[in-house]
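Numbering (the working numbering), first residue to last: 1 to 310.
Here a beta-carbon is modelled for each residue, glycine too, at the ideal position from N, C-alpha and C.
Just so it is clear, the structure is predicted and the values come from calculations on it, not from any experiment.
Working notes, structure below.
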């Protein structure tokens, strides 16, 4: 009888241990999943659109303001593209670049021209399409014309043709390539893993370019030049609790999403890479400011001011 009781106690003891172990494993799994979800960003909603190549015919050219106008077709302010001059049906070449500076919605034009009679007609015929519904489709983009800096070939003659109506602007051509500016290895790897459709170039390349130019803090011009050298279209930038996607040439934010940085402790300057800054020991190197050591303060400022960041 006593033997049976002892066996029962042993079984209960084993069951308690197994139950406790299972509960502990579940809690550990849940905590790991929570940490993973907090570290990994949400999905960028416009990334697919940014990566999609769009060819748009130029409607008009304003030589005084050095701008072009064309249907927006869903592109956004800050995007950069290539202007292709169409010589004939068999030959075209890149002659300049363009950066969108304004989207003109036809909504405003419709509101200013809409009369009381039109409103009454719309009310009497509810099945008739409202011109407002077409506003997004008929929006116009204004873009500034810039010299070629990306895909530049110094051994070929510079293009002399000027953009004309009928030429094309190509957007998204380089947007499958991107650089990442992140404060730590963990945040860097998190972004790479979260966006498998992107081809991220190693941040060592950008840091190497930066140091080769005897720079430490990445200023707008150096960032854009580094992107141009490697034909990169987008820049993924981690700031305080935010992941932004910038156009590499305009440094305008094209998309963003919440990104938890509360767990980030010590940051790497000027940003994460395996390349370390080698001081020459000279007075110039010793006095050179390294503001990017204050990672979030520095890059929050860059995000806010863009090309005007000093």
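Residue environment analysis places residue 63 among the exposed positions, since fewer than 16 neighbouring C-beta atoms fall within 10 angstroms of its C-beta. For residue 144, the CB contacts under 6 Å within the same chain, skipping 5 residues up- and downstream, are 67, 99, 101 in chain order.
The residue among 95, 304, 185 with its C-alpha nearest the C-alpha of residue 261 is 185. In this structure the segment 54 to 62 does not touch the segment 262 to 270; the number of beta carbon pairs closer than 8 Å is below three. The beta-carbon distance between residue 216 and residue 290, rounded to whole angstroms, is 5 Å. This is short enough to meet the 8 Å contact definition. Between residue 140 and residue 72, the gap from beta carbon to beta carbon is short of 8 Å. Looking at the DSSP output, residue 253 sits in a beta bridge with 246.
Taking a contact to require three or more Cβ pairs closer than 8 Å, the segment 202 to 213 and the segment 221 to 237 qualify as touching. By the Cβ test, the segment 82 to 98 is not in contact with the segment 228 to 247, since fewer than three Cβ pairs between them sit closer than 8 Å. In this structure, residue 272 places its C-beta atom within 8 Å of the C-beta atom of residue 183.
Residue 226 is classed as buried because its beta carbon has at least 16 other beta carbons within 10 Å across all chains shown. Comparing alpha-carbon positions, the option among 48, 65, 74 lying closest to residue 55 turns out to be 74. Uninterrupted alpha helix (DSSP H) stretches at least 4 residues long and entirely within the segment 153 to 207 occur at 185 to 194, given in chain order. Residue burial annotation: residue 85 is buried, with at least 16 other C-beta atoms found within 10 angstroms of its C-beta. The segment 54 to 115 is shown to contain whole beta strand (DSSP E) runs of 3 or more residues at 54 to 57, 60 to 62, 67 to 71, 80 to 88, 91 to 104, in chain order.
In the DSSP assignment, residue 143 falls within the beta strand (DSSP E) that extends over 140 to 146.
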